[in-house]
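The listed protein sequences derive, respectively, from chains D and G.
Read in the working numbering, the first sequence has 47 at position 47, and its numbers run on one by one without any break.
Read in the working numbering, the second sequence has 72 at position 72, and its numbers run on one by one without any break.
For reference, the structure is listed below as structure tokens.
Number of protein chains: 2
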Amino acid sequence: MLKLTKKADYGLMALKYLAEHPEIIALSAKDVADAYGIPAQLLAKILQQLTKSGLLKSHAGMNGGYALARDARQISAFEVIHAIDGPFFITSCTKGTKGCELTPSCTIKEPLARVNETIAGVLKSISIQDLAEHEQPAKKALEASGLVALTL
Amino acid sequence: MLKLTKKADYGLMALKYLAEHPEIIALSAKDVADAYGIPAQLLAKILQQLTKSGLLKSHAGMNGGYALARDARQISAFEVIHAIDGPFFITSCTKGTKGCELTPSCTIKEPLARVNETIAGVLKSISIQDLAEHEQPAKKALEASGLVALTL
DNA sequence: CAGTATACGACCGTTTCTGTCGGCTTTACA
DNA sequence: TGTAAAGCCGACAGAAACGGTCGTATACTG
Ligand code: SF4
Ligand code: SF4
Chain D
1 MLKLTKKADY GLMALKYLAE HPEIIALSAK DVADAYGIPA QLLAKILQQL
51 TKSGLLKSHA GMNGGYALAR DARQISAFEV IHAIDGPFFI TSCTKGTKGC
101 ELTPSCTIKE PLARVNETIA GVLKSISIQD LAEHEQPAKK ALEASGLVAL
151 TL
Chain G
1 MLKLTKKADY GLMALKYLAE HPEIIALSAK DVADAYGIPA QLLAKILQQL
51 TKSGLLKSHA GMNGGYALAR DARQISAFEV IHAIDGPFFI TSCTKGTKGC
101 ELTPSCTIKE PLARVNETIA GVLKSISIQD LAEHEQPAKK ALEASGLVAL
151 TL
């Protein structure tokens, strides 16, 4: 429950690693996987997903690899999670096609939807750059709370 | 990923239902289950867990059932989730005994731990009462953000 | 005692997650 | 031009988590 998948976890690690090595034009999936001990083939698939979602740019062939598509400050944790695990919902009522069949009688879906938005807001306010810095990312999230409040 | 289990979901619904009917001394698991269409036996087990965790008081026998152990305002969504799904962690590194084996090399666990605390704070600031009222619970969560910030 | 309700544990089918494999395409460079 | 290094893609299998059921024991009411 309320747990990040390891894929998302790995994705964040990889992006952070890329953010920390801007001098290198392209890092291969294997490079990153070796750096942390992540299963190489799995990470490869994750990076491909991130590429499809426009968060990374890829370059095939020798000396190829991946690079951030935007500045690390412009990539939020929310985008990464969304790209890897799909739409972000804390409840099951919205699971695309077949949701929770007791949605009509349910009286807490609306309150929970707002909680969902709040958490999404927290995630959106955290960038890859924040992860790379030693600063506490949660702090930034809270600084942004005021902004989030307005969007409710 | 980052999804409430249905058990927790059901638990919140049940507590909200109890909060809405303070005039009735005890509601049986079946009463609540029928009201929403939740599998009765499953809900029974959930309510038992909540009782063991001290959120509910139970009474066996005829006209028995469950009642809130405290005021609805004093029970947070966080407690409910914790009681049902166990410790709240968005990462896998702390999964009790055997966590993620690459914990030592991982460089994002600390930032994520702070994100974890932030989300937990949001959940803690939402009470059953908030769910029962028509008010937007997320609003309250954000009002409490300042407090959460201090606890980081 | 009979009936109603909680308490508890075992169990099982389904889904989701994690990781692997094999084959294909693109590119650099010798 | 050929080969090696990389990305791209789909299928698949083992493992774990989830959702739900059943049976039985226990507690309380009247
Ligand atoms: S409808 Fe209610 S019960 Fe069903 S998933 Fe959404 S919140 Fe949970
Ligand atoms: S250690 Fe790093 S990779 Fe492993 S679970 Fe914790 S955050 Fe994710």
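From the three backbone atoms N, C-alpha and C, an ideal C-beta is built for every residue, glycine too.
{"Check": "Coarse secondary structure for D/GLY99, derived from DSSP in three states", "Outcome": "coil"}
{"Check": "Runs of beta strand (DSSP E) wholly within the stretch 11-52 of chain D (minimum 3 residues, chain order)", "Outcome": "none"}
{"Check": "Residue closest to G/LEU2, alpha-carbon to alpha-carbon, out of D/PRO111, D/ILE84, D/LEU50", "Outcome": "D/ILE84"}
{"Check": "Cβ separation of D/SER92 and G/LYS16, assumed to be a contact under 8 Å, to the nearest whole Å", "Outcome": "Incorrect: roughly 17 Å between the Cβ atoms, too far for contact."}
{"Check": "Near-chain D residues of the stretch 33-61 of chain G - C-beta to any C-beta below 9 Å", "Outcome": "ALA35, TYR36, GLY37, ILE38"}
{"Check": "Burial state of G/ALA132 (16 or more Cβ within 10 Å)", "Outcome": "buried"}
{"Check": "Beta carbon proximity, D/ILE126 to chain G, threshold 8 Å", "Outcome": "yes"}
{"Check": "Endpoints, beta strand (DSSP E) assigned at D/ALA67", "Outcome": "65-68"}
{"Check": "D/CYS100 beta carbon less than 8 Å from that of G/MET13", "Outcome": "no"}
{"Check": "is_contact[D/LYS30, chain G] using C-beta, thresh 8 Å", "Outcome": "no"}
{"Check": "Distance cut-off 7 Å: D/MET1 Cβ against heavy atoms of ligand 2", "Outcome": "no"}
{"Check": "Test: G/LEU18 CB closer than 8 Å to a CB of chain D", "Outcome": "no"}
{"Check": "Buried versus exposed, by CB contacts within 10 Å (16 or more), D/GLY54", "Outcome": "exposed"}
{"Check": "Bridge-paired residues (DSSP) for D/THR112", "Outcome": "The identity of residue 112 of chain D in the sequence shown is Leu, whereas the question assumes Thr. Looking at the DSSP assignment, D/LEU112 forms no beta bridge with any residue, so it has no partner."}
{"Check": "Reference D/ILE25; option with closest CA among D/GLY65, D/ILE38, D/GLN41, D/VAL32", "Outcome": "D/GLY65"}
{"Check": "Residue-chain proximity (D/THR5, chain G), Cβ-Cβ < 8 Å", "Outcome": "yes"}
{"Check": "G/LYS3 - DSSP class collapsed to helix/strand/coil", "Outcome": "coil"}
{"Check": "Whole-Å CB distance - D/ILE90 paired with G/VAL122, under 8 Å assumed", "Outcome": "That belief does not hold up - the Cβ atoms of D/ILE90 and G/VAL122 are roughly 11 Å apart, past 8 Å."}
{"Check": "Cross-strand partners of G/GLU57 (DSSP beta bridge)", "Outcome": "The question names Glu, yet the displayed sequence has Lys at residue 57 of chain G. G/LYS57 pairs with G/ALA67."}
{"Check": "Alpha-carbon spacing of D/ILE75 relative to D/ALA44, whole angstroms", "Outcome": "19 Å"}
{"Check": "D/ARG73 burial status per 10 Å Cβ neighbour count (16 or more: buried)", "Outcome": "exposed"}
{"Check": "One or two residues paired with G/SER169 in a DSSP bridge", "Outcome": "The question about residue 169 of chain G has no answer here: the residues shown for chain G are numbered 1 through 152."}
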